[in-house]
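Trainee:
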Amino acid sequence: MAFTLTINGTPHEVDVEPETPLLWVLRDNIGLTGTKFGCGIAQCGVCTVHIDGQPVRSCSTTAASAVGHEITTIEGLSPDASHPVQRAWVEHTVPQCGYCQSGQIMAAAALLARAPDPTDSEIDSAMAGHLCRCGTYPRIRKAIHHAAKLART
Amino acid sequence: MESQGQTQTMVSRRAVIRTMIGAGGGMILGFHIPGALAAVVAPKPWTTPTDGVEINAWLALDADGTVTIRVPHTEQGQGALTSVSMMIAEELDVPWDRIQAVFADMNRHVNDGEEYVVTSTHGSQLVRQQHPHIMQAGASARERLKEAAARAWGVDRSGVTARQGTLTAGNRTASYAEFASAAAAITLEREPAIKTPDQWWLLGKPVPRLDAAVKVDGRAHYAIDTRLDGMVYAAVKCCPVPWGRLANYDFARVKDRRGVIAAIEFKAVPGRTENSDMQNGVAIVADSWYRAKTALDLMPVEWDFGPDGDVGADTQAAKAAELLDVTGDVSNETGEDTLGLIAASGRVVGSEYHRPYETHARMEPINATVSVTLERVDVWSPTQNQATPLMLVAEQLNRDPKDIHVHTVFLGGAFGGNGGGATAVTRQAAEISRRLGRPVKVIWSREEDIMQDKQRAPVYTRLAAALRDDGLPEAFFSRSIWFTRDAVGSQGPATADRAIGTMPYRVPNRRHELHNAAAHIPTATHRAPGTNQNGFIIEQFVDELALAGDWDPLEWRLEMTKGMEPWQRVLRKLKEVAGFTTELPRGEGMGIAVLEDHASYCGACATVSVSRRGELRVEKVVLVMNSGYIINPRAAAEQMEGSVIWELSHALYGGLALERGRFVNNNFDSYNLMRMPQAPEVEVHFAMSEDGWWGGIGEPAGPPTPPAVANAIFFATGKRVRSTPIGRHDLSWSQGSSAQVMIDATVGARHAGDPSASPVAARVARNGGLLQ
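Here it is, written out as structure tokens:
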């Protein structure tokens, strides 16, 4: 079945089964591989994208359900890695292996959009669904606070 | 050396403070290397670099001053791109902001004299073991550039200086690039020595890792991101019980589904039981991975689980209990009759500990992309050693290694699991591509990734010691049972004896025994192999000994490592910075542990709180590292911080559940790992010996944390947690008096020398294995 998805502001026509997870449409059909596959059951968060600004797990969101909505992936968060979260992530050298970081960054950006100066407990609850095996959590926390400052200046 | 050591410690401490206050201060980079953020990872570091004049395999100089460093190791977030570039820049003496790091050409390495010497990233050994030949490559290039200038200018090489990319002799100056071609043709009569640490200008400074920038916008290319023209996708299922057989599958039921192309069966080769060998299984190939995976899930598959289909954790526990009463292989024996002394002693402490199977669960699921054509074979594999899949694919396809091109990409975590243990997938991809004549990407589902992983081996250990009048041990016995696939190789005795068999504490009479018991579950290295399992055991048991002997745990360790400089340095620093005390109110506790791993010495002090209902919170972990020397304290601190979270994940939440021959908790809903709300504050300190030896960084910081946490739990609750996951223990406590009274109540009976008061000590005393 063919339908149109709006991804990072650009319409893409795809011909897949409507129940296909958005993750695989992004990666295999569109070629946007910055969004990662981790668990397939919405437990690790590496596949997180924004739909109308809200963070969702693309591995457990059907492509058809995203029709008519604005999908934003890590590639579309900013044109030049200049989003405050991305800048803070580089300054704090948050990523180690980096595989989970697209999801972490999308979750952090969504958090800051609704809570411009989040508390530690707000950060904890927003980021709890995102696993990082390298253990970058302490730097993620610091970088989110730093990004909040960057966004205000 | 002492004054140097102190200087290093001070520099390191400032580095730590910078790391810690980065967020609050808003600026991370307070150090004095100009353009520190301008060094880069090339936009496509996995493509073969062609720019610039090659001086040697490691580096090329471009006319615009760019220095391209070719890194033969995998970047898995441990900082290989940065540390190799730093070591070469140090010797070459070029501005750090002109560095561009790329991945080296593995085909050239394998087929052209192995110029990079070692390409594997394992064993925390890149810097500690490879700095001599890597720095040598930079030093040699520098001297050849000087020689080229000297010849052109008619002066002696000793009259030419090479600093920050500029050659100078008298009033003549030139950029390195101007003499690059001439230098490339020069062979030196004698290669220069590498710099000593007192000559470093770059090494030892807190340099931000180069790979962060490409990992914030989706640009970093991992093996799983590979896309090729005409590529197909495969999902794979192997027998959930390792070494079982594929009895039957009904491809006809799914072959007409949209996009489905083929079913391909994999057969284990009889007698081939290496971790890199294929298991019996079946793949569905389709035009998208989702279609392949869906068809595979719908396809009826029958397995013959074989003789191991009824093995469970209880089976292994029963086998371990049996073996714990039987004399094992003696791997360490000193002094007199250890067992006899313990049996005859009136003051015995004894315990048994257990740690279960754990999996690697790196965030990038196991995958491989292979394109087989008549002319060449291209491979993208998530591996800790790019040379490994190259040789495996050559063997699998019976092709000349010259035809195989492995493209180094970023690796989404490995932790010891992506050496030979992860390469069966590359064989699978090679097989499918050969049979279909098309490029294929194979991805294992998370469930497959965990069930087919080569796991951390489980261990059961019994320990017993007899105490002297001064409370210190006079005899110390331990017996461990390890379950490994074939009881050899990296999971053999050398690994199984780490930390326990090789404990540093000098006891006059000492005996350690090992049973390496065969099991069908394949095992492999797992970040700090051996030390991670055994460290939890030994560093809790010595706390039991210290408390039974009326010793403060920190003072006990200082006493028992007297004269051992690396240990003393760590323990003294820990004492100075951690504020360790046994005098906290009930419900709060601090615990310490110290372990050697990969030639580094690392101490941990954990602070925990436990509610009366038993809810545990690890508040803070203070680490002290002595790796001899350190080339990048900032990257080291980041790795150590992460190591704490890695090890605590397994100790608090992990534990693979072995039932009916397979692991049943095989995704993140049931195999739990530490998440941000549970992550403790981590504080890192360095205490370097700077005494001629080098230790690793990537692994040694993990193992001391779980025993430090468990020791802290004991002080908080009076409960000794002798197995993991800790989260499954009931840590609740009721009102009592001070911590000291509680300790006396817990260990007092043993202290009084009455074995019957302690079931384990009693068992030790009457155990035939101990009394024989």
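Residue numbers (the numbering used here), protein chains in the order written: chain D, 22 to 174; chain X, 31 to 802. Where a beta carbon is used, it is the ideal one built from N, C-alpha and C, also for glycine. Owing to the predicted nature of the structure, the values given are computational and were not obtained by experimental measurement.
#1: Measuring only between beta-carbons, confirm whether Pro39/D sits less than 8 Å from chain X.
#2: Hey, Ala168/D and Leu133/D are a contact pair by Cβ (cut 8 Å); roughly how many whole angstroms apart?
#3: Determine contact between the stretch 483-503 of chain X and the stretch 378-390 of chain X, defined as no fewer than three beta-carbon pairs at a distance below 8 Å.
#4: Can you say whether Lys432/X is buried or exposed, counting buried as having 16 or more other CB atoms within 10 angstroms of its CB?
#5: How long is the line joining the alpha carbons of Trp88/X and Gly726/X, rounded to whole angstroms?
#6: Of all Cβ atoms in chain B, is any one closer than 8 Å to the Cβ of Ser475/X?
#7: Using Cβ-Cβ distances below 9 Å, what residues of the stretch 71-96 of chain D are close to chain X?
#8: What did DSSP end up calling Tyr683/X once you bin it into helix, strand or coil?
#9: For the 8 Å Cβ check, are there 3 or more pairs between the stretch 338-347 of chain X and the stretch 292-304 of chain X?
#10: Give me the subset of the stretch 396-414 of chain X whose CB atoms are less than 7 Å from a CB atom of chain D, sorted by chain position.
#11: Checking contacts by CB at 8 Å: is Arg705/X closer than that to chain D?
#12: Please check the pair Val262/X and Leu466/X, which I expect to be a contact at CB under 8 Å, by giving their CB distance rounded to whole angstroms.
#13: Can you check DSSP and say which residues form a bridge with Glu382/X?
#14: At the level of alpha carbons, what is the spacing between His437/X and Gly443/X?
#15: Who are the near neighbours of Thr191/X in its chain, counting only those whose CB is closer than 6 Å to its CB and skipping five residues on each side?
#16: When you compare the CB of Asp145/D with every CB in chain X, is at least one pair closer than 8 Å?
#17: Any Cβ of chain D within less than 8 Å of the Cβ of Ser318/X?
#18: Are the beta-carbon atoms of Ser81/D and Ile62/D separated by less than 8 Å?
#19: Within the continuous alpha helix (DSSP H) that includes Met533/X, where are the two ends?
#20: What do you get for Asn546/X, buried or exposed, if any count of 16 or more other CB atoms within 10 angstroms of its CB means buried?
#21: According to the Cβ coordinates, are Val101/X and Arg128/X closer than 8 Å?
#22: At a CB-CB cut-off below 7 Å, which residues of chain X make contact with Val111/D?
#23: Any idea if Val356/X is buried or exposed, counting beta-carbon neighbours within 10 angstroms, 16 or more meaning buried?
#24: With a 10 Å radius around its C-beta and 16 neighbouring C-beta atoms as the bar for buried, classify Thr112/X as buried or exposed.
#25: Please report the distance separating the alpha-carbon of Ala417/X from that of Thr453/X.
#26: In three-state terms, what does DSSP make of Cys60/D?
#27: Are the beta-carbon atoms of Arg557/X and Phe507/X separated by less than 8 Å?
#28: How do the stretch 28-37 of chain D and the stretch 114-124 of chain D stand: do at least 3 beta-carbon pairs fall below 8 Å, yes or no?
#29: Could you tell me if Leu218/X is buried or exposed, where buried requires 16 or more neighbouring beta carbons within 10 angstroms of its beta carbon?
#30: Determine the direct distance from the alpha carbon of Arg616/X to that of Lys650/X, and round the result to whole angstroms.
#31: Going straight from the alpha carbon of Lys235/X to that of Gly189/X, what length do you get?
#32: Using a Cβ cut-off of 8 Å, pull out every chain D residue sitting near Trp126/X, in sequence order please.
#33: Check whether the stretch 351-368 of chain X touches the stretch 652-669 of chain X, taking contact to mean three or more Cβ pairs, one atom from each stretch, closer than 8 Å.
#34: Would you kindly work out how many angstroms separate the C-alpha atoms of Thr114/D and Glu671/X, rounded to a whole number?
#35: With Trp410/X and Ala253/X assumed to form a contact (beta carbons below 8 Å), what rounded beta-carbon distance in angstroms separates them?
#36: Any idea which residues DSSP pairs Val472/X with across the strands?
Mentor: Short version:
#1: Indexing the first sequence from 1 puts residue 39/D at position 18. Closer than 8 Å: no.
#2: Counted from its first residue, the first sequence places residue 168/D at position 147. Counted from its first residue, the first sequence places residue 133/D at position 112. Beta-carbon to beta-carbon, Ala168/D and Leu133/D are separated by about 6 Å, close enough to satisfy the 8 Å threshold.
#3: Using a C-beta cut-off of 8 Å, the stretch 483-503 of chain X makes contact with the stretch 378-390 of chain X, since at least three inter-stretch Cβ pairs fall below that distance.
#4: For the purposes of this step, residue 432/X is taken as the residue at position 402 of the second sequence. That one is exposed.
#5: The residue given as residue 88/X occupies position 58 in the second sequence. The residue given as residue 726/X occupies position 696 in the second sequence. Put simply, the backbone Cα of Trp88/X is about 22 Å away from that of Gly726/X.
#6: Considering every chain present, this structure includes no chain B. Its protein chains are D and X.
#7: Only Thr94, Ile95, Glu96 from the stretch 71-96 of chain D bring a Cβ to less than 9 Å from some Cβ of chain X.
#8: By one-based count along the second sequence, residue 683/X stands at place 653. Note: Tyr683/X maps to helix in three-state DSSP.
#9: Cβ pair count under 8 Å is below three, so no.
#10: Taking a C-beta cut-off of 7 Å against chain D, none of the residues of the stretch 396-414 of chain X qualify.
#11: Here residue 705/X is taken as the residue at index 675 of the second sequence, counted from 1. It does: the Cβ of Arg705/X has a partner Cβ on chain D nearer than 8 Å.
#12: Translated into positions along the second sequence, residue 262/X becomes position 232. Translated into positions along the second sequence, residue 466/X becomes position 436. Right, their Cβ atoms sit about 7 Å apart.
#13: Here residue 382/X refers to the residue found at position 352 when the second sequence is read from its first residue. Arg492/X.
#14: For the purposes of this step, residue 437/X is taken as the residue at position 407 of the second sequence. For the purposes of this step, residue 443/X is taken as the residue at position 413 of the second sequence. Rounded to whole angstroms, His437/X to Gly443/X spans 17 Å at the Cα level.
#15: Sequence index remark: in the second sequence, residue 191/X carries index 161 (1-based). Taken in chain order, the residues that qualify are Thr198.
#16: Numbered from its first residue, the first sequence carries residue 145/D at position 124. Interface residue, yes.
#17: For the purposes of this step, residue 318/X is identified with residue 288 of the second sequence, where counting begins at 1. It does; some Cβ of chain D falls within 8 Å.
#18: On the first sequence, position 60 is the one that residue 81/D refers to. On the first sequence, position 41 is the one that residue 62/D refers to. Between Ser81/D and Ile62/D, the C-beta gap is smaller than 8 Å, which places the two residues in contact.
#19: Position 503 of the second sequence holds residue 533/X. Looking at the DSSP string, Met533/X is not in any alpha helix (DSSP H), and its letter there is neither H nor E.
#20: As a working note, residue 546/X is residue 516 in the second sequence. Under this definition Asn546/X is a buried residue.
#21: If you number the second sequence from 1, residue 101/X lands on position 71. If you number the second sequence from 1, residue 128/X lands on position 98. When the beta-carbon positions are compared, Val101/X and Arg128/X stay at least 8 Å from each other.
#22: Taking the first residue of the first sequence as 1, we reach residue 111/D at position 90. The contacting residues are Ala242, Ala243, Val246.
#23: As a first step, residue 356/X is located in the second sequence; it is residue number 326 there, counting from the start. If you draw a 10 Å sphere on the C-beta of Val356/X, you find fewer than 16 other C-beta atoms in it, and that means exposed.
#24: Translated into positions along the second sequence, residue 112/X becomes position 82. By the neighbour-count rule (16 or more Cβ atoms within 10 Å), Thr112/X is buried.
#25: The count along the second sequence starts at 1 and reaches residue 417/X at position 387. The count along the second sequence starts at 1 and reaches residue 453/X at position 423. Rounded to whole angstroms, Ala417/X to Thr453/X spans 11 Å at the Cα level.
#26: The residue labelled residue 60/D in the question sits at position 39 within the first sequence. Here Cys60/D sits in coil by DSSP.
#27: Within the second sequence, residue 557/X is the residue found at index 527, counting from 1. Within the second sequence, residue 507/X is the residue found at index 477, counting from 1. Taking C-beta atoms as the reference points, Arg557/X and Phe507/X fail to come closer than 8 Å.
#28: With a cut-off of 8 Å, the stretch 114-124 of chain D and the stretch 28-37 of chain D do not count as touching, because too few Cβ pairs lie within range.
#29: To locate residue 218/X, count along the second sequence from 1; it is residue 188. Exposed is the call here.
#30: Looking up residue 650/X in the second sequence gives position 620. Looking up residue 616/X in the second sequence gives position 586. Approximately 17 Å, taken between the alpha carbons.
#31: By one-based count along the second sequence, residue 235/X stands at place 205. By one-based count along the second sequence, residue 189/X stands at place 159. Cα to Cα, the separation comes out at about 29 Å.
#32: Locating residue 126/X in the second sequence gives position 96, where the first residue counts as 1. Going along chain D, no residue has its Cβ under 8 Å from Trp126/X, so there is no contact; the nearest lies around 15 Å.
#33: The stretch 351-368 of chain X is not in contact with the stretch 652-669 of chain X.
#34: The residue you call residue 114/D lines up with position 93 of the first sequence. The residue you call residue 671/X lines up with position 641 of the second sequence. A direct Cα-to-Cα measurement between Thr114/D and Glu671/X gives close to 13 Å.
#35: To locate residue 410/X, count along the second sequence from 1; it is residue 380. To locate residue 253/X, count along the second sequence from 1; it is residue 223. The pair is a contact, with the Cβ atoms about 5 Å apart (cut-off 8 Å).
#36: Within the second sequence, numbered from 1, the residue matching residue 472/X stands at position 442. According to DSSP, which records beta bridges pairwise, Val472/X is partnered with Ala264/X, Ala398/X.
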